[in-house]
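**Student:** The sequence shown begins at 373 in my numbering and counts up by one.
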Amino acid sequence: MSNYWLSDIYIQKTFIKKINEAAYKNRKSDEEPEDEAEDDSEEGPDDRLNDRQKMMYETYESIVEMHGMFNQTAKADGAHYAPADKNPFIEEGMICGNCVFFVGGGKCEIVSGKIEPNAICKLWIIPQELIKIKKK
Ligand code: SF4
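1. Consult DSSP for Asn459 and reduce its assignment to one of helix, strand or coil.
2. Where does Glu408 sit, in a helix, a strand or coil, going by DSSP?
3. Distance, Cα to Cα, Lys458 vs Glu488?
4. Just grab the DSSP bridge partners of Ala454 for me.
5. Since His452 and Cys493 should fall inside the 8 angstroms C-beta cutoff, what is the C-beta to C-beta distance between them, to a whole number of angstroms?
6. Could you check if Ala491 belongs to the surroundings of ligand 1, using beta carbon to heavy atom distance under 8 angstroms?
7. According to DSSP, is Lys426 helix, strand or coil?
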C-alpha cells in the first residue's frame, strides 16, 4: 500500500517547521546580537529586507529545495519570467539585477535558465531602498 499521504504530510510538516525556524531566527537577530561567531557556511536573507520579505526568501528557498527550481513559464511551476525587453518596471528598479536571488553571470538561485539583469519575474524580492516609486 502506498504511503503517499503520510509522506506528503511529513513534507508539509518539515516545510512549516523551516518557516517557523526562519521567523524565530529573524526575530532573535532583531532582539539580541549573537555571542558566538557566525556560521557563514549557509547564507541567510539580505539584511536590507523587511520581515515579510525575509520570510518569503526562506519560503522560496525551501520550495526550491523540495521541488527544484522554478522554470520561466507562466505555468504552475513557473516564475512568469519577463525578459528585459518586456519588463515594464525597469524605471522603478524592479529588475533581476536588484533581486536578492540574482547571482550574476545570467543566473538566478531559484529560476532556471539564462536570466538577464534587466528582466523580472513574479518571485522578485528587492530591498525597498532599491525600488523607486514613480510620482504621479
Ligand atoms: S526577479 Fe529575482 S527571482 Fe525572478 S528571475 Fe529575476 S533574479 Fe530570479
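In this text, a Cβ means the ideal position worked out from N, Cα and C, and glycines have one as well.
**Tutor:** With the structure as the only source:
1. If DSSP states are grouped into helix, strand and coil, Asn459 belongs with coil.
2. Model confidence at Glu408 stands at a pLDDT of 48, short of 50, so the residue's coordinates are unreliable and nothing is read from them.
3. One C-alpha to the other measures close to 11 angstroms.
4. Ile492.
5. About 6 angstroms separates the two Cβ atoms, so the contact holds.
6. True, at least one ligand heavy atom lies under 8 angstroms from that Cβ.
7. Of the three classes helix, strand and coil, the one that applies to Lys426 here is helix, per DSSP.
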